[in-house]
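In the working numbering, the protein residues as written are 10 to 126.
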């Protein structure tokens with residue numbers, strides 16, 4: 010029914026009052042509502058607890074980003090997560106993936122070298 014704001018309120022209230030974070034649900038909701046930065050944030054939150062979801066997150070972001078302008082919104086969100094969780098290598102690995110998707114192979118190479126060190 011396109012009542013995205015009400016659904017968002019419900020999921021966020023559930024997140025406060027329960028054990029479930031509703032991360033997947035919120036990410037899908039934000040994708041449908043066109044809130045790509047919030048969607049990216051939710052998907053990256055998943056990686057904080059379950060690094061094995063990296064391939065899934067990369068695939069879904071690639072499928073849900075409509076154009077290069079949308080896709081470029083991933084980088085600043087990734088940098089925030091890298092700064093917030095410096096011990097999580099998964100975000101650095103995702104940054105390498107991002108640079109490859111943007112065909113910025115030089116940055117991808119330097120980031121991959123940094124991850125290896």
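Ideal Cβ placement from N, Cα and C applies to all residues, glycine included.
Per-residue burial, residue 71 [other beta carbons within 10 Å of its own, 16 or more giving buried]: exposed
Can you have a look at residue 92 and say buried or exposed, based on whether 16 or more other CB atoms are within 10 angstroms of its CB? exposed
C-alpha distance - residue 105 paired with residue 15, whole-angstrom precision: 36 Å
Extent of the continuous alpha helix (DSSP H) to which residue 89 belongs: 83-93
Please report the residue range of the alpha helix (DSSP H) in which residue 44 lies. Premise fails: residue 44 is in no alpha helix (DSSP H) and is neither H nor E.
Span of the alpha helix (DSSP H) around residue 18: For residue 18, the enclosing alpha helix (DSSP H) starts and ends at 13-26.
Rounded to a whole number of angstroms, what is the C-alpha to C-alpha distance between residue 65 and residue 22? 26 Å
Pick out whichever of 45, 47, 48, 55 has its Cα sitting closest to the Cα of residue 29. 55
Classify residue 123 as buried or exposed, calling it buried when 16 or more other Cβ atoms lie within 10 Å of its own Cβ. exposed
Do you know offhand how far residue 49's Cα is from residue 81's? 11 Å
Apart from the five residues on each side of it in sequence, which residues of its chain come closer than 7 Å, Cβ to Cβ, to residue 107? 83, 84, 87
How long is the line joining the alpha carbons of residue 27 and residue 38, rounded to whole angstroms? Between residue 27 and residue 38, the C-alpha separation is close to 19 Å.
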